[in-house]
Amino acid sequence: MRPMTTHIVSAFSEELEHLSADILRMGGVAETMIDQACTALVTGDQMLADQTSEMDDTVDAIEVDVERRIMRLLALRQPMATDLRAVVAALKVASELERIGDLSKNIAKRVAPLAGADVSSAIKGIERMGHGVKQQLHSVLDSYSEADAELSLKVWSGDEDIDQHYNSMFREVLTYMMQDPSLIGAGTHLMFIAKNLERIGDHCTNVAEIVHYQVTGTYLTSSARPKAPLLEG
Amino acid sequence: MSETENTRKDTLISQVTVTPSADTSGYATKVDCKHINVSYGDKQAIFDISMAIPERSVTAFIGPSGCGKSTFLRCINRMNDTIESAKVEGQIFIDGEDVNSDHIDPVLLRSRVGMVFQKPNPFPKSIYDNIAYGPRIHGIATSRTDLDEIVETSLTRAGLWDEVKDRLTQPGTGLSGGQQQRLCIARAIAVSPEVILMDEPCSALDPIATARIEELIDELRERFCIVIVTHSMQQAARVSQRTAFFHLGKLVEYGDTETVFTNPSDDRTSDYITGRFG
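Chains as they are written, first to last, in our numbering: chain A, 1 to 233; chain B, 1 to 278.
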């Protein structure tokens with residue numbers, strides 16, 4: 001994309017910049033939440049888990065603020081073309097990030113019930129998966145900040161790895177639960193955690209689609225995306 | 001039909017039948033402009049513009065002041081003829097017929113191609129006579145009953161009938177700005193034109209009157225080919241199906257309105273509609 005010249009009304013340019021800065025700040029918080037939730041899980045650090053849960057309030061607050069400002073901007077500036085795409089993209093990305101915040105908080109909340117359960121090997125898998133998901137979010141936020149359609153496309157196709165990771169977690173946890181029924185409670189929590197991470201991956205691909213549309217003006221269709229097949233129980 | 005007549009007809013057809021230029025994306029072409037150049041004295045205002053304007057739809061011309069959009073619009077019904085220094089080159093076909101050819105009477109042409117201006121300009125006559133004037137001089141209606149019917153239909157179609165039916169004998173100039181503009185639109189459609197040209201028809205109107213005119217344009221689209229010049233990007237986006245962006249006398253971009261306003265292909269279009277120059 002060519003470098004943007006500024007608007008005749010300079011306040012409009014400032015509002016748009018402010019908006020994308022807020023999206024990146026929100027994304028940064030969500031990324032930290034994924035990271036901390038996984039770390040809390042690995043180390044059993046309850047304080048870190050609680051702290052992570054509380055960060056969701058920040059994400060929600062930024063979303064509300066972004067939405068409020070976008071409504072105002074739409075009413076006052078009636079953006080067109082690239083500006084219109086940027087504003088609509090910001091609105092949609094904000095809601096994806098808000099969901100990512102919720103899912104990360106949900107992971108953090110499962111740290112307590114997992115305390116003391118002997119599932120360290122499965123948690124290793126969760127840690128690796130969490131790392132991959134966090135990387136996806138990081139890259140897609142980069143693609144947003146750099147308006148890099150190619151990078152967004154890479155994130156978009158990269159979700160297949162996350163799906164595969166989820167499938168192998170599913171199988172692994174299922175095996176533990178079959179071997180030792182006393183682990184069914186902990187195993188179920190691990191299943192939900194893996195599922196949450198997989199959902200975060202999906203939200204990252206949604207963001208990738210939004211960024212791609214914002215930058216190029218053309219839609220990526222979800223049906224065209226490479227996907228790992230669902231495992232049978 | 002004799003052989004000579006046949007040959008004459010064939011020659012005529014071969015003169016006037018042309019293949020439509022540019023794309024009109026599914027709509028049949030109504031007005032086909034080919035290589036239009038316009039100069040006022042030494043100053044060239046339009047540079048080699050070719051475009052096909054589809055029928056039964058609204059085509060919006062946008063661009064900064066002085067970009068040539070009004071000049072180009074005025075070529076379609078030969079309004080530039082009235083300007084001494086204006087020189088128009090190129091061809092404009094309406095249904096395959098060249099509007100600049102010698103056997104076209106500009107007055108008749110203007111009954112086929114109606115025009116609505118920026119400032120409402122009703123005649124200093126009664127509301128009734130404002131509408132009846134055109135049909136009378138063009139001999140479309142002579143009897144009182146025919147005229148009455150045309151006046152009522154035109155005013156109804158322009159969404160003005162209910163507001164003026166009880167005061168048809170009062171002067172048109174006594175109406176409000178928005179009503180006057182709708183009166184002018186009613187006057188334009190009274191002679192059953194094929195094309196209606198609108199040069200910033202809402203720029204002197206308040207938002208309510210503007211909304212009425214826009215609603216009207218949307219209804220008229222079912223019967224007429226409408227070309228509208230507007231400075232309001234939102235208006236162009238709302239009322240038109242096709243949008244043409246003019247800049248410095250050239251046609252920069254012409255395409256489906258939705259595409260032009262969400263994903264324009266030319267940087268100049270993008271800069272203009274996003275308010276980065278103007």
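Glycine included, every Cβ here is placed at the ideal spot set by N, Cα and C.
- Apart from the 5 residues on each side of it in sequence, A:Y213 sits with its Cβ closer than 6 Å to the Cβ of Y219 in its chain, given in chain order.
- With respect to the 9 Å criterion, B:G275 and A:V9 are classified as neighbours on the basis of their beta carbons.
- Contact note: B:F261 reaches chain A through M80, A81, L84, using a C-beta cutoff of 9 Å and chain order.
- B:Q170 is positioned such that its CB atom lies no closer than 9 Å to that of B:L205.
- Membership of B:M198 in the beta strand (DSSP E) is indicated by the continuous run 195-199.
- When 9 Å is used as the limit between beta carbons, A:H18 is near no residue of chain B, the shortest such separation being about 17 Å.
- Between B:T274 and chain A, the shortest Cβ-Cβ separation is below 9 Å.
- For the beta strand (DSSP E) assignment, the uninterrupted runs of no fewer than 3 residues enclosed by the stretch 15-93 of chain B are, from N- to C-terminal side, 29-40, 43-54, 58-62.
- Here the stretch 99-118 of chain A makes contact with the stretch 32-40 of chain A; the two share three or more CB pairs at distances below 8 Å.
- Going by DSSP, B:D256 is part of no alpha helix (DSSP H) but of the beta strand (DSSP E) stretching over 250-256.
- Assignment of alpha helix (DSSP H) within the stretch 96-152 of chain A, counting only whole runs of 4 or more residues, yields 111-114, 120-146 in chain order.
- Legend: CB atoms of the stretch 222-250 of chain B lying less than 9 Å from CB atoms of chain A belong to residues M233, Q234, A237.
- In the three-state reduction of the DSSP assignment, A:G27 falls in the helix class, which pools H, G and I.
- B:C225 is bridged by DSSP to B:V195.
- In terms of Cβ geometry, A:M26 and A:E63 form a close pair [threshold 9 Å].
- Under the three-state reduction of DSSP, A:D35 is assigned to helix.
- For B:P135, not one C-beta of chain A is nearer than 9 Å to its own C-beta.
- Put simply, the CB of B:P264 is near chain A, with a gap under 9 Å to one of its CB atoms.
- Under the DSSP definition of a beta bridge, B:R242 partners with B:T59, B:D256.
- If you check the CB distance, B:C75 and B:I46 come in under 9 Å.
- In this structure, DSSP gives B:D98 an extended state, which the three-state scheme calls strand.
- With respect to the C-alpha of B:G172, the residue from B:K165, B:P201, B:L183 having the closest C-alpha is B:L183.
- When secondary structure is reduced to three states using DSSP, A:V9 falls in the coil class, being assigned neither helix nor strand.
- B:M233 is positioned such that its CB atom lies no closer than 9 Å to that of B:I208.
- With respect to B:R56, B:R238 sits apart: the two C-beta atoms are not nearer than 9 Å.
- From the beta-carbon of A:V9, the residues of chain B found nearer than 9 Å are G275.
- If the five residues before and after A:H189 are omitted, its C-beta is found closer than 7 Å to the C-beta atoms of R110, P113, L114, all from its own chain and listed in chain order.
- Taking 9 Å as the threshold, the shortest C-beta distance from B:D271 to chain A falls below it.
- In the structure shown, B:M115 falls within a strand segment according to DSSP collapsed to helix, strand and coil.
- Going by C-alpha positions, A:P226 is about 11 Å away from A:K154.
- A:H18 carries a helical assignment under DSSP once its states are collapsed to helix, strand and coil.
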